[in-house]
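Using the working numbering, read the sequence shown as starting at 1478 and increasing by one per residue. A virtual CB, placed ideally from N, CA and C, is assigned to each residue, including glycine.
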Amino acid sequence: MDDLNRLHPTGEGAQGQLLEDCSIQSQDGRIAVYFRNLDQHVIQEIAEADIVLGCVAWLTNFPILEALTVKRNVSIIVQKEDFLRHDVPGHEQWKTRLRGLYDSLSCELEHHMFGDNLLSSVSISTVHGMDPVRCVGNHNRDRPKAFPRMHNKFLVFCRERSHAELLVSKPDGYTYIVPYAVWTGSFNFTTTATLSLENALVINEKNTVRAYYREYGQIAALSERLDWAREWAAPEWQIEG
């Protein structure tokens, strides 16, 4: 499979030159822009986080999944319709390995850890905890070319902090999720995406990060467990009044 990032411009004066990597970081360090080697950049961000949350349409890139397996807390929502869409040869072996990596992911988060996120108000215990990967969507039975999807591609990187560490006057002994950065852009977490022309942003601005954190919570509250066989999506978590 050809890597579009290895193409050479053919115009006069540019022949033989590889595409320039225009990646850059803002002067204040709050924004980083990436155009090449996106899988390596997101793996580095994952390595530095305590908790990884997010909504990603497709999550099938093995190196990225392997990086996630070493985290104690991962919660990612994928789109339902064809989350098993393979992009490498050998579908059955690929599917077996993908499921093995999904099964290796861990999530020990509890609702009280989410603070002002919607997930702090859901009955997570009704599904015996949180699954590391869940899905949102409809069954695309007739497969029209245009169909609504959960098409996000973002991760929220978080710290795990106690009330005492957060300088709360009366710590309660619990630990809490503290989001600090967001990864977003066009990049699907697939093998094909690493060969495509894509972009990504890493944002460390507090209000922007909080917005993505809250949106993740809303989508997660709509999600269902992966069933690898069941056709129809149905929200499982109940919002407490």
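Excluding five sequence positions before and after residue 1502, the CB atoms of its chain that fall closer than 6 Å to its own CB belong to 1509, given in chain order. Cα atoms of residue 1673 and residue 1480: separation of roughly 6 Å, rounded to the nearest angstrom. Within its own chain, the residues whose Cβ lies closer than 6 Å to the Cβ of residue 1663, once the five positions on either side in sequence are excluded, are 1675 and 1676, listed in chain order. Cα atoms of residue 1515 and residue 1580: separation of roughly 24 Å, rounded to the nearest angstrom. The beta carbon of residue 1608 lies closer than 6 Å to those of 1702 in the same chain, with the five residues before and after it left out.
Measuring C-alpha to C-alpha distances from residue 1693 to each of 1500, 1670 and 1613 identifies 1613 as the nearest.
Beyond the five residues adjoining it in sequence on each side, residue 1588 comes within less than 7 Å, by CB distance, of 1596, 1597, 1599 and 1601 in the same chain, given in chain order. Taking the Cα positions, residue 1629 is about 34 Å away from residue 1487.
If you draw a straight line from the Cα of residue 1593 to the Cα of residue 1483, it is about 44 Å long. Where residue 1651 is concerned, there is no enclosing beta strand (DSSP E), because DSSP gives it neither an H nor an E.
As a beta-bridge residue in DSSP terms, residue 1636 pairs with 1655. Apart from the 5 residues on each side of it in sequence, residue 1513 sits with its Cβ closer than 7 Å to the Cβ of 1482, 1498 and 1500 in its chain, given in chain order.
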